[in-house]
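Novice: Sharing a structure with you now.
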Amino acid sequence: MLAVVTPMVTGTSCRCLPDNSPCSLGLSKCEYAVNSQRPVNLDLRTIKLPNTAISSILHRITGVILFVGIAVLLYGLDKSLASEQGFAEVKECLTSPLAKFVVWGLLSGLMYHLTAGIRHLIMDLDIGVTLEGGKLGANLVFIISAILIVLMGVWIW
Amino acid sequence: MVTNVTNFSRSGLYDWMAQRVTAVVLAAYSLFLLGYILANPGMGYAEWQGLFANSWMRIFSLMSLVALSAHAWIGLWSVTTDYLTPMTLGNWATGVRFLVQALCGIIMFVLFVWGVQILWGI
């Protein structure tokens, strides 16, 4: 079985929370996560997800959506590059409400995934890797990607 | 160190690095394409075809396709490894996870070859 690396596993104390606050996972589980040599596979279904976790899971969901979307985009690229007629057909297709919705959906996924990805890179530079910084970063990702998604919608329609 | 036989580079550290390097390539490519389309409203076939006929654009596209293949594999591997576990699926988890990961790999390979055909078919 493989392990989920959680931020709290590596330290010698429960770094995810201020020292005086109660551990949201229950003390024993938290202590286990801290003291165990192996990372713990936490059962997400039993945990109330904070904003940071929601931003992380959305990053994964949009990643999977984009993977599925590659086939759609490659099909469009193939057709549009193959001939003048194919290009015209793709252009014509993109005027239909369904095609617009699909493209908007894929662009929305891309905008979220890109924004959350940039946040990852910023955090890799050791910026915002505190509890407060993590929460702020997650909320910024929600706000910035929401603006970009709306802008994409405005562009498409 | 936790090692695993199905991840991309047999090392979490290399996977971590590869995921970031490929992400930067993909970000550059998608922003470039999006910007190009935005900057050229009402673009015709000649211009679109001409863009992809450039050698630098073929190199950029192929680089992105390679980056995408690695990025998608590492990402899908992480997600399937985290969620398709005995905790969620019971005794069949290892078999199901292996099949799903194999399917992801096959699909990504097919998409890669298709992409190469598109780029070199112009």
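One line per chain: the protein sequences are A and B, in this order. Numbered per my numbering, the first sequence spans residues 15 to 171. Numbered per my numbering, the second sequence spans residues 22 to 143. Note that beta-carbon positions come from the ideal geometry of N, C-alpha and C, so glycine has one too. These numbers were taken from a predicted model, which means no experiment stands behind them.
#1: Residues of chain B with CB under 7 angstroms from A:Ile61, in chain order?
#2: Rounded to the nearest angstrom, what separates A:Phe156 and A:Gly142 at their Cα positions?
#3: Taking the alpha-carbon positions, what's the B:Tyr57 to B:Leu72 distance?
#4: On the CB-based measure, 16 or more other CB atoms within 10 Å of its CB, does B:Arg149 come out buried or exposed?
#5: Checking contacts by CB at 7 angstroms: is B:Val100 closer than that to chain A?
#6: Give, in chain order, every residue of the region 62–81 of chain A whose Cβ lies closer than 7 angstroms to some Cβ of chain B.
#7: Check each candidate in B:Val121, B:Met64, B:Trp94, B:Trp98 and name the one with the smallest Cα separation from B:Phe133.
#8: For a cutoff of 7 angstroms on Cβ pairs, would you count A:Leu165 as touching chain B?
#9: Give me the residue from A:Gln99, A:Pro111, A:Ser122 with the minimum Cα distance to B:Val69.
#10: Let me check understanding here. Comparing Cα to Cα, which of A:Val164, A:Ile170, A:Asp57, A:Ser159 lies closest to B:Leu110?
#11: Rounded to whole angstroms, how far is the Cβ of A:Gly77 from the Cβ of A:His127, which I believe are closer than 8 angstroms?
#12: Between B:Ala91 and B:Thr43, is the Cβ-Cβ spacing less than 7 angstroms?
#13: Over what stretch of residues does the alpha helix (DSSP H) that includes A:Val82 continue unbroken?
#14: Measuring CB to CB, does B:Gly136 end up less than 7 angstroms from A:Leu124?
#15: Compute the minimum distance between the beta carbon of B:Met129 and the heavy atoms of the ligand ATP, and state whether it is under 6 angstroms.
#16: Residues of chain E with CB closer than 7 angstroms to the CB of B:Gln70, please, in chain order.
#17: What is the DSSP secondary structure of B:Asn25, reduced to helix, strand or coil?
#18: Between which two residues does the alpha helix (DSSP H) containing A:Met137 stretch?
#19: Can you tell me whether DSSP reads A:Arg59 as helix, strand or coil?
#20: One question on the structure: do B:Met84 and B:Val46 come within less than 7 angstroms of each other, judged by their Cβ atoms?
#21: Report yes or no: is there a C-beta of chain A within less than 7 angstroms of the C-beta of B:Trp94?
#22: Determine, for A:Glu98, whether the minimum Cβ-Cβ distance to residues of chain B falls below 7 angstroms.
#23: Could you tell me if B:Thr102 is buried or exposed, where buried requires 16 or more neighbouring beta carbons within 10 angstroms of its beta carbon?
#24: DSSP on B:Met108, reduced to helix/strand/coil?
#25: To the nearest angstrom, how far is the alpha carbon of A:Pro36 from that of B:Val100?
#26: Would you mind telling me which residues of chain B sit closer than 7 angstroms to A:Ala130, beta carbon to beta carbon, in chain order?
#27: Please return the same chain residues whose Cβ sits closer than 8 angstroms to the Cβ of B:Gly126, not counting the five positions on each side in sequence.
#28: So if I threshold CB-CB distances at 7 angstroms, which residues from the region 104–117 of chain A count as touching chain B?
#29: Nearest by alpha-carbon distance to A:Ala96: which of B:Gln122, B:Thr115, B:Ile139, B:Phe81 is it?
Specialist: Concretely, from the data shown:
#1: Per Cβ cutoff of 7 angstroms: no residues; A:Ile61 is ~13 angstroms from chain B at best.
#2: 16 angstroms
#3: 10 angstroms
#4: In this structure chain B extends from 22 to 143, so residue 149 of chain B is not present and cannot be described.
#5: yes
#6: Arg74, Gly77, Val78, Phe81
#7: B:Trp94
#8: no
#9: As written in the sequence, residue 69 of chain B is Trp, which differs from the Val given in the question. Looking at the Cα atoms, A:Gln99 is the closest of the given residues.
#10: A:Asp57
#11: 6 angstroms
#12: yes
#13: 65–96
#14: no
#15: Because no ligand of any kind appears in the structure shown, any question about the ligand ATP cannot be addressed here.
#16: Among the protein chains of the structure shown, namely A and B, there is no chain E.
#17: coil
#18: 111–138
#19: helix
#20: yes
#21: no
#22: yes
#23: buried
#24: helix
#25: Low confidence applies here, because A:Pro36 scores a pLDDT of 49, under 50, leaving its location unreliable; read the following figure in that light. Going from the Cα of A:Pro36 to the Cα of B:Val100 covers about 30 angstroms.
#26: What A:Ala130 touches in chain B: nothing, since even the nearest Cβ is about 10 angstroms away.
#27: Trp94
#28: none
#29: B:Ile139
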